[in-house]
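Colleague: To start, I am sharing the structure in question, which I have written as structure tokens.
Protein chains: 2
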Amino acid sequence: MSSERTTIRELARLSGVSIGTVSRALNGYTDVRPETRERIVRLAEELDYTPSASARALVTQRSHVVGVFLDTGEGHPDLQHPFFHEVLVGVQETAGAGGFDLLLFSSEQPGNGYGRHSYLKRCRHHNVDGVVLMGVDHHDEEVRRLTASSIPCVGVDVELEGRETGYVTSDNVAGGELAVAHLAAQGHRRIAVIHGPVDTLAGLERLRGFRQGLDAAGLAYRDEHVRAGDFYVESGHRAAAALLALPEPPTAIVAASDLMAVGALRAATEAGLVVPRDLSVVGFDDIMLAAHLQPGLTTLRQDKVGLGTAAAQALMHRVAGVEAPDVVKLPVDLVVRGTTAPPPAGT
Amino acid sequence: MSSERTTIRELARLSGVSIGTVSRALNGYTDVRPETRERIVRLAEELDYTPSASARALVTQRSHVVGVFLDTGEGHPDLQHPFFHEVLVGVQETAGAGGFDLLLFSSEQPGNGYGRHSYLKRCRHHNVDGVVLMGVDHHDEEVRRLTASSIPCVGVDVELEGRETGYVTSDNVAGGELAVAHLAAQGHRRIAVIHGPVDTLAGLERLRGFRQGLDAAGLAYRDEHVRAGDFYVESGHRAAAALLALPEPPTAIVAASDLMAVGALRAATEAGLVVPRDLSVVGFDDIMLAAHLQPGLTTLRQDKVGLGTAAAQALMHRVAGVEAPDVVKLPVDLVVRGTTAPPPAGT
DNA sequence: TTGTAGGCGTTATCAT
DNA sequence: ATGATAACGCCTACAA
């Protein structure tokens, strides 16, 4: 019964005016007689008319769509990390409120024929008004080509720069410092570090924060107490296991992500240690998991939704041609739960 | 330096042939001289040409885009539930492999002017080739209008029906039975149930499964041992607290979601009970969290990525005009971890 | 094998 | 206040 799709042409025919008038009436132009507009609007409603985004984008050169690239590193299927999900929620909400829908680019098969990772091409293809990038490698040649273009871009936790490009991130350095300071304040002196990939903004900055924290507490930076991970559980487990097997094991571990902290927790249990009695652990992120662990994970909370919101906002500003900051840095909060306590006596 | 955007027209001009020829050459038509095609293709590459999706969609009437609606219930911001994220990963991968990108519709501000929840309108607007629906209410009038249209739809855990519509879900009934059976096998006789919303497919079916499991084990269905939740943590906590305050509290609780199980776990701790010694708990979903709890949560694993994959596949079949099953039901697996054990002696 | 031309649904610029 | 008409970028008969 419902006709398959009402076009503006039909609306024009049915209401006895020209296509141009219908367009103006519907788009709120002032130079159309009230009665005429009234009639047209009503008809449009009756017929459940919706303008075609494609047609409009074609002539307007704006799609009202924001592209999202979400790469989370080798071996970790896209979208898999909970952190990104929460950020996505923020992006989604804010962009949505601004009238933009999200186009989630799959990093797999191009399908339509562009090369494997041609960010720019894909953006151009869909004519997105702007792009949010998460987890991508900012050294990637393809990424540079995108940011070098005139398409507004905003990175989340990735240090992008370019013509119309900026990024948002948490205050990772402060977070790292805070983590160590908290432990030091409890009396820990052998604090080990499991940091993230150093070719990553978050990985690098948190590591820097850890070091500064150590410095500030007057603690030495011992190489054997510093291990690298990849933000995911297994790497944290491996690193912690190695740490705990040391002749002089740490009494506390700071990890650059909650997931790695979870791995460390397991390593501790396997080593027969009780947290926080024998070992303290601090994570980073405050993913949902953290609050529900037993004991709850002490961690540095990032405002994940806030990051998404900020990203979307910055992007929308750029899209609108409004000045936007090149970098937005959100504060992090120390959330003390159950995995931290003073070290065992005699250490 | 890089010209702002190459169009097919420019390609034609530069290669000295007509627009039509360029189009055919690029789209792999056979009736174009090899050398000509060669020349055009090379030029296109050099200039980094990308066809405009809008223009193509306009003439082709196919967008190669799949719409995704993700509503997760009142008070729970979109996208918030981990279950949906994982499903989304599956959809994303599979659709991507098939050459479709995902358009994530924000359920907030329409922005462009369609009403608050006009699914159909928004789909038409963007000309999506198909739609995946998660967490929507299948009684919703707007949903019905969408599924009644000729746009292919697939629901995930929502019982949709319509012209070109189907849905995928887990074998929730079997899962519910399994949960109870596992507990009964361990000797539990007072098994309480925290079920999800009964206006929800998963909520209803799991409840049914629980009942059948009780039946099969020869256990009575005691009203005071059955509570409703909304799949999220807090509701599970409330329900469990009430359950444990009963004069004759259960020795085991089956929850219709892991999140509710987590809430139940907290309630148990608060009641001074030790899991699984004093109380056994079984969840449903096997979200990432489950494996990392202490003790690990016994639960029914849904193949979340598989659901997404199946949804995308069914959708793509429908889009291609190929026959697709109206309902796909994936098996669930009991994953026994640490929250279940025989009941305390003397119960 | 290739060119021509019509049309997809809108917006936008002119006239009128 | 409204009506033509030209784009927008591409695909696809139909002609040549």
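In the order they appear, the protein sequences are chains A and B. Mapped onto this note's numbering, the consecutive letters of the first sequence carry residue numbers 1 to 347. Mapped onto this note's numbering, the consecutive letters of the second sequence carry residue numbers 1 to 347. Glycine included, each C-beta is placed from N, C-alpha and C at the ideal position.
1. When the Cα of A/His292 is compared with those of B/Ile253, B/Tyr232 and B/Ala256, which residue comes out closest?
2. Closer than 8 Å by C-beta to B/Leu183: which residues in its own chain qualify, once you throw out the five before and the five after it? Chain order, please.
3. For B/Ala12, collect the residues of the same chain with a Cβ closer than 8 Å to its Cβ; drop the 5 residues on either side in sequence, then sort them by chain order.
4. In chain A, which residues lie with their C-beta within 7 Å of the C-beta of B/Ala57?
5. When you compare the CB positions of B/Val132 and B/Gly98, do they come within less than 9 Å of one another, or not?
6. Which residues does DSSP pair with B/Asp101 in a beta bridge?
7. Along the stretch 213–225 of chain A, where does the CB come closer than 8 Å to a CB of chain B? Name the residues.
8. Given a cut-off of 9 Å on the beta-carbon distance, is the pair B/Pro295 and B/Pro276 in contact?
9. From which residue to which residue does the alpha helix (DSSP H) around B/Thr60 run?
10. Less than 9 Å between the C-beta atoms of A/Gly130 and A/Cys153, yes or no?
11. For A/Tyr49, count neighbouring C-beta atoms within 10 Å of its own C-beta (all shown protein chains included) and say buried if the count is 16 or more, exposed if not.
12. Could you tell me the distance, in whole angstroms, from the CA atom of B/Gly209 to the CA atom of B/Lys121?
13. Mind checking which residues open and close the alpha helix (DSSP H) that includes A/Ala119?
14. List the residues of chain A that B/Leu104 touches, going by C-beta distances under 7 Å, in chain order.
15. Just how far apart, CA to CA, sit B/Asp157 and B/His138?
16. Between the stretch 113–143 of chain A and chain B, which residues of the former have CB atoms less than 7 Å from a CB of the latter, in chain order?
17. Does any residue of chain A bring its CB to less than 9 Å from the CB of B/Leu11?
18. Just how far apart, CA to CA, sit B/Pro352 and A/Asp199?
19. Let me see if you follow: with CB-CB separation under 9 Å, is A/Pro51 close to chain B or not?
20. Counting only beta-carbon separations shorter than 9 Å, does B/Thr200 have a partner in chain A?
21. Could you list the residues in the stretch 38–49 of chain A with a C-beta less than 8 Å from some C-beta on chain B, going in chain order?
22. Could you name the residues of the same chain whose beta carbon sits closer than 6 Å to that of B/Thr347, not counting the 5 residues immediately before and after it, in chain order?
23. To the nearest whole angstrom, what separates the beta carbons of B/Gly308 and B/Gly96, a pair I think is in contact under 8 Å?
24. Which residues share a DSSP beta bridge with A/Phe84?
25. Report the CB separation of A/Gln313 from A/Thr94 in whole angstroms; it is logged as a contact under 8 Å.
26. Of all the CB atoms in chain A, is at least one closer than 9 Å to the CB of B/His317?
27. Do you know how far the Cα of B/Leu289 is from the Cα of B/Val87?
28. Flag B/Gly182 as yes if its beta-carbon sits less than 9 Å from any beta-carbon of chain A, otherwise no.
29. Let me make sure I understand the geometry here. Which of A/Thr60, A/Phe83 and A/Ile287 has the alpha-carbon closest to that of A/Asp71?
30. Is it right to say A/Ser2 is buried, meaning 16 or more other beta carbons lie within 10 angstroms of its own, or is it exposed?
31. Leaving out five residues on either side along the sequence, give the residues of the same chain with a beta carbon under 7 Å from the beta carbon of A/Glu177.
32. What are the start and end residues of the alpha helix (DSSP H) that includes B/Val282?
33. Any beta carbon of chain A sitting closer than 9 Å to that of B/Glu108?
34. Quick one: using the 10 Å Cβ neighbour count with 16 as the cut-off for buried, is A/Tyr167 buried or exposed?
35. In whole angstroms, what is the alpha-carbon distance linking A/Glu4 and B/Ser150?
36. Around the C-beta of B/Tyr119, are 16 or more other C-beta atoms found within 10 angstroms, so that it is buried, or is it exposed?
Modeller: Walking through what the data contain:
1. Taking the first sequence and counting its residues from 1, the one referred to as residue 292 of chain A is at position 292. A/His292 has its Cα closest to that of B/Tyr232, out of B/Ile253, B/Tyr232 and B/Ala256.
2. The residue labelled residue 183 of chain B in the question sits at position 183 within the second sequence. Excluding residues within five positions, the ones whose Cβ falls inside 8 Å are Ile191, Ala252, Val254, Ser280, Val282 and Thr340.
3. By 1-based counting over the second sequence, the position of residue 12 of chain B is 12. So the qualifying residues of the chain are Ser18, Ile19, Thr21 and Val22.
4. Looking up residue 57 of chain B in the second sequence gives position 57. Within chain A, the residues near B/Ala57 are Ser54.
5. In the second sequence, the residue the question calls residue 132 of chain B occupies position 132. In the second sequence, the residue the question calls residue 98 of chain B occupies position 98. No, the pair does not count as a contact, with Cβ atoms beyond the cut-off.
6. In the second sequence, counting from the first residue as 1, residue 101 of chain B sits at position 101. B/Asp101 pairs with B/Val65.
7. none
8. For the purposes of this step, residue 295 of chain B is identified with residue 295 of the second sequence, where counting begins at 1. For the purposes of this step, residue 276 of chain B is identified with residue 276 of the second sequence, where counting begins at 1. It is a contact, given that the beta carbons lie within the stated cut-off.
9. Here residue 60 of chain B refers to the residue found at position 60 when the second sequence is read from its first residue. Where B/Thr60 is concerned, the enclosing alpha helix (DSSP H) stretches over Ala53 to Thr60.
10. As a position in the first sequence, residue 130 of chain A is number 130, starting the count at 1. As a position in the first sequence, residue 153 of chain A is number 153, starting the count at 1. Result yes, Cβ atoms of A/Gly130 and A/Cys153 sit closer than 9 Å.
11. Translated into the one-based positions of the first sequence, residue 49 of chain A becomes position 49. It is buried - the Cβ of A/Tyr49 has at least 16 other Cβ atoms within 10 Å.
12. The residue you call residue 209 of chain B lines up with position 209 of the second sequence. The residue you call residue 121 of chain B lines up with position 121 of the second sequence. For B/Gly209 and B/Lys121, the distance between alpha carbons rounds to 37 Å.
13. Residue numbering aside, residue 119 of chain A sits at position 119 when the first sequence is read from its first letter. Correcting the residue type first, residue 119 of chain A is Tyr in the shown sequence and not Ala. Taken as a continuous stretch (DSSP letters only), the alpha helix (DSSP H) holding A/Tyr119 covers Tyr119 to His126.
14. Taking the second sequence and counting its residues from 1, the one referred to as residue 104 of chain B is at position 104. Per Cβ cutoff of 7 Å: Gln92, Asp101, Leu102 and Leu104.
15. As a working note, residue 157 of chain B is residue 157 in the second sequence. As a working note, residue 138 of chain B is residue 138 in the second sequence. Going from the Cα of B/Asp157 to the Cα of B/His138 covers about 10 Å.
16. Tyr114, Lys121, Arg124, His125, His126 and Asn127
17. Against the second sequence, residue 11 of chain B aligns to sequence position 11. Answer no: the Cβ-Cβ gap between B/Leu11 and chain A never drops below 9 Å.
18. No answer is possible for residue 352 of chain B: the residues shown for chain B start at 1 and end at 347.
19. In the first sequence, the residue the question calls residue 51 of chain A occupies position 51. Yes, A/Pro51 counts as interfacial toward chain B.
20. Position 200 of the second sequence holds residue 200 of chain B. By this cut-off, B/Thr200 is not an interface position.
21. Asp48
22. By 1-based counting over the second sequence, the position of residue 347 of chain B is 347. Excluding positions up to five away in sequence, the list reads Thr251.
23. As a first step, residue 308 of chain B must be located in the second sequence, where it is residue number 308. As a first step, residue 96 of chain B must be located in the second sequence, where it is residue number 96. Not a contact, Cβ separation roughly 11 Å.
24. If you number the first sequence from 1, residue 84 of chain A lands on position 84. Its beta-bridge partners do not exist; DSSP assigns none.
25. Walking along the first sequence from the start, residue 313 of chain A turns up at place 313. Walking along the first sequence from the start, residue 94 of chain A turns up at place 94. Yes, they are in contact, since the Cβ atoms of A/Gln313 and A/Thr94 sit about 6 Å apart, within 8 Å.
26. Here residue 317 of chain B refers to the residue found at position 317 of the second sequence. No Cβ of chain A is located within less than 9 Å of the beta carbon of B/His317.
27. Residue numbering aside, residue 87 of chain B sits at position 87 when the second sequence is read from its first letter. Residue numbering aside, residue 289 of chain B sits at position 289 when the second sequence is read from its first letter. Spanning the two alpha carbons is a distance of roughly 16 Å.
28. Position 182 of the second sequence, counted from the first residue, corresponds to residue 182 of chain B. A quick correction: the sequence has His, not Gly, at residue 182 of chain B. Not one chain A Cβ lies under 9 Å of B/His182.
29. Your numbering for residue 71 of chain A matches position 71 in the first sequence. When only C-alpha atoms are compared, the closest one is A/Phe83.
30. For this step, residue 2 of chain A is matched to residue 2 along the first sequence. With a pLDDT of 46 at A/Ser2, under the threshold of 50, the predicted position of this residue should be treated as unreliable, though the coordinate-derived value follows. A/Ser2 is exposed by the Cβ-count criterion.
31. Position 177 of the first sequence holds residue 177 of chain A. Annotation for A/Glu177: Gly209, Gln212, Gly213 and Ala216 place their beta carbon closer than 7 Å to its own, counting only its chain and skipping 5 residues before and after.
32. Along the second sequence, one-based indexing puts residue 282 of chain B at 282. Here B/Val282 belongs to no alpha helix (DSSP H); instead the beta strand (DSSP E) covers Ser280 to Asp285.
33. Stepping through the second sequence from its first residue, residue 108 of chain B is reached at position 108. The predicted position of B/Glu108 is uncertain, since its pLDDT is 49 and thus under 50; no value can be drawn from it.
34. As a working note, residue 167 of chain A is residue 167 in the first sequence. Flag for A/Tyr167 reads buried.
35. Here residue 4 of chain A corresponds to residue number 4 of the first sequence, with the count starting at 1. Here residue 150 of chain B corresponds to residue number 150 of the second sequence, with the count starting at 1. So the two alpha carbons sit approximately 8 Å from each other.
36. In the second sequence, counting from the first residue as 1, residue 119 of chain B sits at position 119. Counting Cβ neighbours within 10 Å, B/Tyr119 comes out buried, since at least 16 surround it.
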